[in-house]
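Going by my numbering, the sequence shown opens with residue 628, and the numbers climb by one from there.
Built from N, CA and C at the ideal position, the CB exists for glycine as well.
Model, not experiment: these values are computed from the prediction.
Quick notes on the structure that follows.
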Amino acid sequence: MMKLAPSILSCNFSNVAKAVSQVEELGLEYLHLDVMDGLFVPEITFGAKLVKDIRRNCNLIFDVHLMVERPEDKIDSFIEAGSDIITIHQESTVHIHRVLQRIKAAGIKCGISIVPSTPVSQILPILDMVDLVLVMTVNPGYGGQKLIQSCLDKVVELRDIKEKEDFNYLISVDGGVNLSTVQDVATAGADLAVTGSAFFLSDDKAEFVSKMNKLIMECK
Ligand code: DX5
Ligand code: ZN
Numbered sequence: 628m629m630k631l632a633p634s635i636l637s638c639n640f641s642n643v644a645k646a647v648s649q650v651e652e653l654g655l656e657y658l659h660l661d662v663m664d665g666l667f668v669p670e671i672t673f674g675a676k677l678v679k680d681i682r683r684n685c686n687l688i689f690d691v692h693l694m695v696e697r698p699e700d701k702i703d704s705f706i707e708a709g710s711d712i713i714t715i716h717q718e719s720t721v722h723i724h725r726v727l728q729r730i731k732a733a734g735i736k737c738g739i740s741i742v743p744s745t746p747v748s749q750i751l752p753i754l755d756m757v758d759l760v761l762v763m764t765v766n767p768g769y770g771g772q773k774l775i776q777s778c779l780d781k782v783v784e785l786r787d788i789k790e791k792e793d794f795n796y797l798i799s800v801d802g803g804v805n806l807s808t809v810q811d812v813a814t815a816g817a818d819l820a821v822t823g824s825a826f827f828l829s830d831d832k833a834e835f836v837s838k839m840n841k842l843i844m845e846c847k
C-alpha cells in the first residue's frame, strides 16, 4: 500500500521538533526533508545542520530531497548528518552517475528526481542503480502548488519499466498530493507520496492520515 511521507517544508520552522514528533506519533515511517539552495530553485530552506539535529531524537526514515546545484559538493555533509535516502535532481549536474555512486558507496540509499519537463527517457541509463525515483508533480521550489496531472503518466511508465527490467526502485510522487489527488497518485502506481501543505495545514493530522489511507486502500 502506498505510504505517506510528510514534508517539513510546510511546518512551522519555529517549532520543527513538534512537527517531527507529530509525524512519529502518527506511526508514519518516512520524513521528507526538502533542501533548497536558492540557485536550483529560488528559495532557501535548510542545510545538513538541521538534518543532523533532527536525527538526534528521531528514528523516522530520512528521505532527503536535494534541490541544489552541484550536489557533488554537498552530499558528504548530508551523508554525515544521518540521511537514509538522498535524492538528487537529474537536472542539477552532468555527473549524476558519479554522485549516485558516491551516495551508495557511503552505504545509504540514493534517489533520482525529475522535474515536470524532464522525461523518463533521460534517467533510463541510471535506473538500475537507484533505490528511489522521485517524480515531481509540481515545479520544485514551493509547497502548496497544484498537482500537474500529466506528470502521473511518468509514474505509470516507471512502474512498467520496473516490472519489465526487474528493477528495485521505489516510486515517489512529490507535489500537490492531497485528499483530492491521492487516488490518482496511488492508481498510477506510486509507492510513496510526499505530502507537505495538505498534512501540515490540517488541524487534525490523525484524521487527515486516516482519510488519506482510506482513499489509498480503495485503489487496491
Ligand atoms: C516542493 C517540494 C515538496 C513540497 C510539497 O518543491 O519538493 O516536497 O513540500 O509540498 P505540497 O505537498 O504542499 O505540494
Ligand atoms: Zn520534496
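### Query
Nearest-angstrom Cα distance between residue 691 and residue 811?
24 Å
### Inside the region 736-776 only - beta strand (DSSP E) runs reaching at least 3 residues
736-741, 759-763
### Task
Taking residue 844 as part of the alpha helix (DSSP H), name the residues at either end of that continuous run.
832-845
### Message
Rounded to the nearest angstrom, what separates residue 665 and residue 696 at their Cα positions?
### Response
9 Å
### Message
Comparing C-alpha positions only, which one of 676, 682, 629 sits nearest to residue 648?
### Response
682
### Message
Given 7 Å as the limit, tell me if residue 634 has its C-beta closer than that to any heavy atom belonging to ligand 2.
### Response
yes
### Query
What's the gap between the Cα of residue 782 and the Cα of residue 765?
14 Å
### Task
Could you work out which residue in 826, 773, 755, 817 is closest to residue 792 when comparing CA atoms only?
755
### Query
Under the three-state reduction of DSSP, which class applies to residue 633: helix, strand or coil?
strand
#### Entry: residue 821 beta carbon near ligand 2 (any heavy atom closer than 7 Å)
yes
### Message
Beta-carbon within less than 7 Å of residue 726's beta-carbon, same chain only, minus the 5 sequence neighbours each way: which residues are those?
### Response
698, 699, 702, 715, 720
### Task
Check each candidate in 842, 628, 660, 833 and name the one with the smallest Cα separation from residue 712.
660
### Message
Between residue 809 and residue 820, how many whole angstroms is the CB-CB distance? I'm expecting something under 8 Å.
### Response
6 Å
#### Entry: Euclidean distance between Cα positions of residue 708 and residue 737
15 Å
### Query
Is any heavy atom in ligand 1 found nearer than 7 Å to the beta carbon of residue 772?
yes
### Query
Got a list of residues with beta-carbon closer than 5 Å to any non-hydrogen atom of ligand 2, in chain order?
661, 692, 801
### Query
Based on Cα-Cα distance, which residue from 739, 840, 651, 657 lies nearest to residue 807?
840
### Query
So what does residue 801 bridge to, in DSSP terms?
763, 821
### Message
Looking only at its chain, what residues have a beta carbon closer than 7 Å to the beta carbon of residue 815, apart from the 5 residues adjacent to it on each side?
### Response
779, 782, 783
#### Entry: First and last residue of the uninterrupted alpha helix (DSSP H) at residue 677
675-682
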